[in-house]
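Participant: Count the sequence shown with numbering that gives the first Met the number 0 and you get residues 0 to 380, in order.
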Amino acid sequence: MMPAGDVAGPDDETGPPAPYVPAAESPAEATFKAVAAGIMFGILFGAANAYLGLRAGLTISTSIPVAVMTVALFRALRAGGVRSSILEANLSQTVGSASSSVASGVIFTLPALFLWGFDTNLLQITILAMSGGFLGILFMIPLRPFLIVREHDNLPYPEGTACAEVLKAAETGGSRARNVFLGLGVGALMKGITGWVRAVPDDLEVNIPFLKKGQLGSDVSAALFGVGYILGPKIATIMVGGGLLSWLVIIPVIAYWGEGLASPLYPETQLLIRDMEPSLIWTRYVRYIGAGAVATGGLITLIRSIPTMIESFRIGAAQIRDRIASGTVAKVLRTENDLSLRVVGIGAGIIFLALTLVPQAFSSIDFTVGRAVAAFLVVLF
0 MMPAGDVAGP DDETGPPAPY VPAAESPAEA TFKAVAAGIM FGILFGAANA
50 YLGLRAGLTI STSIPVAVMT VALFRALRAG GVRSSILEAN LSQTVGSASS
100 SVASGVIFTL PALFLWGFDT NLLQITILAM SGGFLGILFM IPLRPFLIVR
150 EHDNLPYPEG TACAEVLKAA ETGGSRARNV FLGLGVGALM KGITGWVRAV
200 PDDLEVNIPF LKKGQLGSDV SAALFGVGYI LGPKIATIMV GGGLLSWLVI
250 IPVIAYWGEG LASPLYPETQ LLIRDMEPSL IWTRYVRYIG AGAVATGGLI
300 TLIRSIPTMI ESFRIGAAQI RDRIASGTVA KVLRTENDLS LRVVGIGAGI
350 IFLALTLVPQ AFSSIDFTVG RAVAAFLVVL F
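This is how it looks when you write it as structure tokens:
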């Protein structure tokens, strides 16, 4: 996702790239149609990404398809006499693609509540998702100068660069929306063949005779094909490897080990392991291993990010001190006009208070101090 208002141009050998739209110019950007289009695409792609995440266990970044769809929409509006700028298109794709981040945050964290047996509801999920979304926006503000400007030569941001190229191509007359609509058509055709006509089975399972409860299966889905294509062979190979490890190694090991057990093994409370189907063993035991792997990966990423976050806040605080010491308000370029750390702190404080004082946010915690601790951990991590 590119920062709104900073569609990069050609690289500058001595520093970050010059903006495609010069900082001295101020074309239309945060307009109603840009925000409305972003919300519309955000709902569409956010729902699709949440579905993919719950089904396939991973999500994709939707910045590029949202950018292409935004270009197609604004070009159609331009044919009707409604003009738009490249910054409006950039803002629209930024708003639209942010929904994928929120969807990922929800489907990869809140299912832990169900695994732990908590009874959650739509209101609680909505409150937590909105809080996480606002916190993500707020804490990205002090990180932008460090991660995007100073580290430009070390962090190429290939997807953000691709989005910029899509928007610039549209500005100069190029067209890439055709491939997106072609993909939609092929996906619909494939879904019709496998789901409605059933000329090709969409679900196939084969038992491995020499492995106790070993099983291989396939799920023919246009959505999964699309995910694999977007992620590329490296990530797709890791996913296939994880599936093979689960179904050909871990499940048979559990089956062999649990063959002689005379009582159910927690969290299963009724069936013995020898009486379970492979899919039930996966549901009762293997998926918790996957959840632990996801949690461990998140902790490792957080630990690696701590030095970057500290450096970013240090730079932001130094800039504030310099402005106070100079006693003057320097004119800030349009492309560098970030919200201040004061706004970030106040916003985080408001979210902390909301999570603490609204009982529905943490419905399983009955006392205010407990909700305050939970809210502090949410804001911190």
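For every residue, glycine included, the Cβ atom is placed at its ideal position computed from N, Cα and C.
1) For the putative contact between residue 219 and residue 193, defined by C-beta atoms under 8 Å, what is the C-beta separation to the nearest angstrom?
2) Among 196, 77, 339, which one has its Cα closest to the Cα of residue 139?
3) Using only alpha-carbon positions, find the residue among 371, 91, 344 that is nearest to residue 162.
4) So is residue 370 buried or exposed if we call it buried at 16+ other beta carbons inside 10 Å?
5) Within 10 angstroms of its Cβ, does residue 86 collect 16 or more other Cβ (buried), or is it exposed?
6) Taking the continuous beta strand (DSSP E) assigned at residue 206, which residues delimit it?
7) For residue 184, which three-state DSSP category applies?
8) If contact is defined by three or more beta carbon pairs under 8 Å, each pair taking one atom from either stretch, is the region 68 to 79 in contact with the region 15 to 31?
9) For residue 99, count the other beta carbons within 10 Å of its own beta carbon; 16 or more makes it buried, fewer makes it exposed. Which is it?
10) Run the CB neighbour count on residue 209, radius 10 Å, all protein chains shown included, and call it buried at 16 or more, exposed below.
11) Pick out whichever of 263, 364, 378 has its Cα sitting closest to the Cα of residue 119.
12) Pairs of beta-carbons, one from the region 61 to 70 and one from the region 33 to 42, closer than 8 Å: are there three or more?
13) Please report the straight-line C-alpha distance between residue 213 and residue 247, rounded to a whole angstrom.
14) Give the DSSP-derived three-state secondary structure of residue 141 in the structure shown.
15) Quick one: grab the DSSP three-state call for residue 18.
16) Please identify the residue among 345, 335, 342, 373 whose C-alpha is closest to the C-alpha of residue 356.
17) With a threshold of 16 other CB atoms inside 10 Å of the CB of residue 243, please say whether the residue is buried or exposed.
18) Beta carbon of residue 258, beta carbon of residue 272: below 9 Å?
19) Mark residue 97 as exposed unless 16 or more other C-beta atoms lie within 10 angstroms of its C-beta, in which case mark it buried.
20) Would you list the one or two residues that DSSP bridges to residue 217?
21) So residue 46 is in the alpha helix (DSSP H); what residue range does that whole segment cover?
22) Look at residue 114 and residue 287 and say whether their C-beta atoms are less than 9 Å apart.
23) Output the boundary residues of the alpha helix (DSSP H) element that contains residue 350.
24) Can you tell me where the alpha helix (DSSP H) with residue 280 in it begins and where it stops?
25) Tell me whether residue 210 sits in a helix, a strand or coil according to DSSP, three-state version.
26) According to the Cβ coordinates, are residue 221 and residue 187 closer than 9 Å?
27) Relative to the C-alpha of residue 255, which residue among 277, 234, 268, 165 is closest?
28) Spatial neighbours of residue 312 within its chain, please: C-beta separation below 8 Å, excluding the five flanking residues on both sides.
29) According to the neighbour-count rule (16 or more other Cβ atoms, all chains shown, within 10 Å of its Cβ), is residue 44 buried or exposed?
30) Under 9 Å, do residue 132 and residue 104 count as touching if we go by C-beta distance?
31) Can you tell which of 47, 181, 110, 30 has its C-alpha closest to the C-alpha of residue 81?
32) Residue 180: which of 316, 353, 348, 69 sits nearest, CA to CA?
33) So, is residue 195 buried or exposed, given that buried needs 16 or more other C-beta atoms within 10 angstroms?
34) Please state the DSSP three-state secondary structure of residue 165.
35) According to DSSP, simplified to helix, strand and coil, what is residue 26?
Facilitator: This is what the structure gives:
1) 5 Å
2) 339
3) 91
4) buried
5) buried
6) 202 to 206
7) helix
8) no
9) buried
10) exposed
11) 364
12) yes
13) 5 Å
14) helix
15) strand
16) 373
17) exposed
18) yes
19) buried
20) 203
21) 31 to 55
22) yes
23) 340 to 356
24) 277 to 280
25) coil
26) yes
27) 277
28) 141, 340
29) buried
30) yes
31) 30
32) 69
33) exposed
34) helix
35) coil
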